[in-house]
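One structure is given below, encoded as C-alpha cells.
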Amino acid sequence: MPAPEPSSVPQPSAHHQPSAPARDRYDAVIVGGGHNGLVAAAYLARAGQSVLVLERLDTTGGAAVSTRPFAGVDARLSRYSYLVSLLPQKIVRDLGLDFAVRKRTVSSYTPAVRDGRPTGLLVGGDRTRESFAALTGGEREYEAWQRFYAMMQRVAERVFPTLTEPLPAREALRARIDDAEAWRTLFEEPIGVAVERNFTDDLVRGVVLTDALIGTFADAHDPSLIQNRCFLYHVIGGGTGDWDVPVGGMGALTDALARAARAAGAEIRVRHEATRIETDGTHAEVTVHTPDGEQMIAARRVLVNASPQALAALLGQTPPEPAEGAQLKVNMLLTRLPRLRDRSVDPRQAFAGTFHIAEGYGQLADAYRDAAAGRLPAAPPSEIYCHSLTDPSILGPDLAARGYQTLTLFGLHAPARLFATDNDAARAALLKATLAELDAHLEEPITDCLALDGNGEPCIEAKTPLDLERDLRLPGGHIFHRDLSFPYESGTTGRWGVETAHANVLLCGAGAVRGGGVSGVPGHNAAMAALS
Numbered sequence: 001m002p003a004p005e006p007s008s009v010p011q012p013s014a015h016h017q018p019s020a021p022a023r024d025r026y027d028a029v030i031v032g033g034g035h036n037g038l039v040a041a042a043y044l045a046r047a048g049q050s051v052l053v054l055e056r057l058d059t060t061g062g063a064a065v066s067t068r069p070f071a072g073v074d075a076r077l078s079r080y081s082y083l084v085s086l087l088p089q090k091i092v093r094d095l096g097l098d099f100a101v102r103k104r105t106v107s108s109y110t111p112a113v114r115d116g117r118p119t120g121l122l123v124g125g126d127r128t129r130e131s132f133a134a135l136t137g138g139e140r141e142y143e144a145w146q147r148f149y150a151m152m153q154r155v156a157e158r159v160f161p162t163l164t165e166p167l168p169a170r171e172a173l174r175a176r177i178d179d180a181e182a183w184r185t186l187f188e189e190p191i192g193v194a195v196e197r198n199f200t201d202d203l204v205r206g207v208v209l210t211d212a213l214i215g216t217f218a219d220a221h222d223p224s225l226i227q228n229r230c231f232l233y234h235v236i237g238g239g240t241g242d243w244d245v246p247v248g249g250m251g252a253l254t255d256a257l258a259r260a261a262r263a264a265g266a267e268i269r270v271r272h273e274a275t276r277i278e279t280d281g282t283h284a285e286v287t288v289h290t291p292d293g294e295q296m297i298a299a300r301r302v303l304v305n306a307s308p309q310a311l312a313a314l315l316g317q318t319p320p321e322p323a324e325g326a327q328l329k330v331n332m333l334l335t336r337l338p339r340l341r342d343r344s345v346d347p348r349q350a351f352a353g354t355f356h357i358a359e360g361y362g363q364l365a366d367a368y369r370d371a372a373a374g375r376l377p378a379a380p381p382s383e384i385y386c387h388s389l390t391d392p393s394i395l396g397p398d399l400a401a402r403g404y405q406t407l408t409l410f411g412l413h414a415p416a417r418l419f420a421t422d423n424d425a426a427r428a429a430l431l432k433a434t435l436a437e438l439d440a441h442l443e444e445p446i447t448d449c450l451a452l453d454g455n456g457e458p459c460i461e462a463k464t465p466l467d468l469e470r471d472l473r474l475p476g477g478h479i480f481h482r483d484l485s486f487p488y489e490s491g492t493t494g495r496w497g498v499e500t501a502h503a504n505v506l507l508c509g510a511g512a513v514r515g516g517g518v519s520g521v522p523g524h525n526a527a528m529a530a531l532s
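Numbering (the working numbering), first residue to last: 1 to 532.
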C-alpha cells in the first residue's frame with residue numbers, strides 16, 4: 001500500500017490526540033532494531049537528536065543477524081539474510097562502520113545433463129566463455145550474455161546512486177537511464193520477453209530469470225511486472241550488481257550499526273515492544289510493553305522499522321493488502337563439500353558462487369504452475385552458496401581446520417499458502433524434494449556430508465514463510481514485507497518514499513519504497529526525511 005503524500009495529514013482528533021505527559025521524551029523514537037532502524041538511529045543521533053530505539057527481541061538485528069543454530073557447534077551462520085549487494089558505501093562511510101565484504105570468486109554454477117552427460121554452466125572467472133561454449137556448442141549465448149549484462153551494468157551505474165536521493169519522477173529516471181531498450185526491458189514489458197528475445201538455451205534463460213524470482217512469486221510474463229521490480233533490485237546493487245559476502249556474517253553489519261548508533265548517543269532498549277502509536281501530526285506518544293510493565297514515551301516523531309501491516313496495527317488503522325512470502329530457507333553445516341557428477345568443476349569452485357538447482361527456464365515455469373495450483377513443486381527450484389569458502393571466520397578454529405563448510409539454500413516458488421494446512425508436514429516434504437534435486441547432481445547424498453550437533457542430530461534447519469512470520473513477524477513470511485516498488489515517484493509515495501499519512505510518522509523498514517534486502521536505504525531515507 002503506497003504511502004499518501006505528506007499533505008494528507010489528518011487533523012487532530014480525540015483518537016490521535018496524545019494523552020497526558022509521558023515519562024520520557026525524545027526527538028525520535030524508532031520502533032524496531034533491525035538494520036534499517038539502526039541506520040536511522042545513527043544518522044539522527046549524529047545530527048544531535050535524542051533518539052530511542054525500541055526492540056521487542058533480546059537483541060538487535062532483525063533478519064540481519066548471525067547465530068549459532070546448531071547446539072554445541074561453533075558455527076555462526078547468517079541465519080536469515082546472507083549476502084550484501086544493495087548497501088551503499090555512502091552509508092558505511094557516513095557512519096564510520098567497521099564492516100567489510102568480500103567478492104566471490106565465482107558468480108554462479110548451474111549443473112545440467114546434456115546428451116546423458118553431466119555438465120554445467122560456470123559464470124565468473126576466466127572459464128566463463130569456455131563454459132558457455134561447452135554447454136551450448138557455440139559463441140552466440142556467451143555474446144548475448146555479455147551484451148545483456150553490459151546493458152544491466154549501465155542501468156546499475158545510473159540507478160543505484162538515486163536510492164539515497166529524493167525519489168525521482170518516472171520520466172526523470174527514464175532520462176537518467178537514457179537507454180530505450182533497457183527502459184523497455186525493465187520498466188515496460190515482462191522480463192520474460194527480454195529473456196526469450198536475447199537467449200535461446202533453456203538453462204541460460206533460467207539463470208537469468210532467477211534474479212527476478214528471489215523472494216517473489218511470479219511468472220516470467222506476469223503483467224504486473226512484479227518480477228521486473230525484483231530483477232531490477234538484484235542487478236543494480238553497488239552499481240555493479242555484485243552480491244558479496246559479509247565478513248564475519250550478517251551480524252557483523254548490525255553489530256557495527258548498533259555500535260555506531262550508541263557511539264552517536266542513541267539509546268537502545270531491547271525487550272521493549274511498541275504496542276501503539278498516537279499522534280496529532282506534531283507530537284506522538286508510543287505505548288511500550290517492557291519487562292517491568294507498560295510505559296508511555298513521548299516523541300516529536302516516530303520511525304517504524306517494521307512492516308506496513310505492523311505500522312497500521314500500531315496506528316489502529318485498516319491494514320494493507322496481505323503479503324505472502326514464497327521461499328524455503330535452509331541452513332546446513334557440512335563436514336566436507338559433496339563430490340559433483342560434473343567432474344570438470346571442483347566443488348570448491350562450484351559452491352563458491354550461487355549453485356543453481358532445478359532452475360532451467362522450463363523448470364521454473366513448471367514449478368510456478370505447480371505452486372499456483374496449490375501443489376508443492378514436483379522439482380523444487382533453489383540455489384545454494386557456501387559462505388565459509390569466501391569467509392571462514394564464521395567457523396570456530398577447530399571446524400575450519402577440519403575442513404567444515406556452511407551451506408545456505410534458498411528455495412523458490414514456495415508460497416505461504418502451501419504450508420497453511422500442515423506447516424510441519426509440508427516443510428518436511430518440500431525439504432526432502434529439494435535435497436533430492438540437489439542430489440541428482442552429486443556423487444553422494446548431501447545428507448552424508450552433514451555434520452552432527454552436540455546432541456548427535458544432523459546440522460540442518462529449514463524455515464518456511466510461516467516460520468519466518470512466527471520468528472521475525474515478516475508478514476506472510478514475505479522477506480521484503482510487501483511487493484517491491486519501482487524506484488521512482490508514483491504520485492502517492494512522498495518525497496523520500498518513507499512518508500505516511502501522518503507528518504511525524506515515517507516508515508523506515510523494508511516495506512518503504514526502495515526497501516527490501518539488506519540495504520539500509522529506507523533507514524537512511526527516513527532519517528533524511530526527518531531531518532528535512
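In this text, a Cβ means the ideal position worked out from N, Cα and C, and glycines have one as well. Values in this document were obtained by computation on a predicted structure and should not be read as measured data.
Residue i - DSSP class collapsed to helix/strand/coil
i	result
Thr164	helix
Leu209	helix
Glu324	coil
Glu130	helix
Ser388	helix
Glu469	helix
Lys103	coil
Pro475	helix
Leu253	helix
Leu97	coil
Val155	helix
Pro21	Bear in mind that the predicted position of Pro21 carries a pLDDT of just 44, short of 50, making it unreliable; the figure below should be weighed with that in mind. Of the three classes helix, strand and coil, the one that applies to Pro21 here is coil, per DSSP.
Asp448	helix
Proximity of residue i and residue j at Cβ, strictly below 7 Å
i	j	result
Ile214	Ala156	no
Thr164	Pro88	yes
His441	Arg341	yes
Asp483	Ile191	no
Gly281	His478	no
Pro338	Ile446	yes
His524	Val29	no
Thr408	Tyr82	yes
Ala426	Leu418	yes
Ala298	Glu285	yes
Gly511	Pro308	yes
Gly360	Asp219	no
Ala416	Leu474	no
Thr254	Thr406	no
Thr287	Thr275	yes
Thr335	Tyr404	yes
Cys534	Leu303	With the chain represented from 1 up to 532, any question about residue 534 goes unanswered, as that position is not in the structure.
Thr128	Gly120	no
Counted within 10 angstroms of its Cβ, other Cβ atoms place residue i as buried (16 or more) or exposed
i	result
Gly72	exposed
Arg46	buried
Val113	exposed
Pro246	buried
Asn540	The question about residue 540 has no answer here: the residues shown for the chain are numbered 1 through 532.
Asp448	exposed
Leu531	exposed
Ser224	exposed
Gly206	buried
Asp391	buried
Thr105	exposed
Cβ-based neighbour list, residue i, same chain, cut-off 8 Å, excluding 5 preceding and 5 following
i	result
Leu472	Gly62, Ala63, Tyr80
Ala379	Ala358, Gln363, Asp366, Ala367, Ala433, Glu437
Ala169	Tyr488, Glu489
Ala529	Gly494, Arg495, Trp496, Val498, Glu499, Leu506
His221	Pro190, Gly192, Val193
Ala172	Tyr488
Gly411	Gln327, Leu328, Lys329, Val330, Pro380, Pro381, Ser382, Leu430, Thr434
Integer Cβ distance of residue i from residue j, believed to fall under 8 Å
i	j	result
Leu77	Ser85	That pair is no contact at about 19 Å.
Ala252	Asn228	Incorrect: roughly 32 Å between the Cβ atoms, too far for contact.
Ala42	Ala266	7 Å
His413	Phe217	6 Å
His35	Leu257	6 Å
Glu141	Thr200	7 Å
Leu468	Gly325	6 Å
Own chain, CB closer than 6 Å to residue i, minus 5 neighbours either side, in chain order
i	result
Ser107	Val123, Gly124, Gly353
Pro21	For Pro21, the pLDDT reaches just 44, beneath the cut-off of 50, and the residue's location in the model is therefore unreliable, although a value from the coordinates is still provided. For Pro21, where only same-chain residues beyond five positions count, there are no Cβ hits under 6 Å.
Trp183	Arg174, Ile177
Close-in-space but distant-in-sequence residues of the same chain around residue i (CB under 7 Å, 5 per side omitted)
i	result
Lys103	Asp242, Asp244
Cys459	Phe70, Val73, Met332, Leu333, Leu450, Ala451, Leu452, Asp453
Closer than 7 Å to chain B by CB, residue i
i	result
Ala28	Checking the listed chains, one finds no chain B in this structure; it contains a single protein chain.
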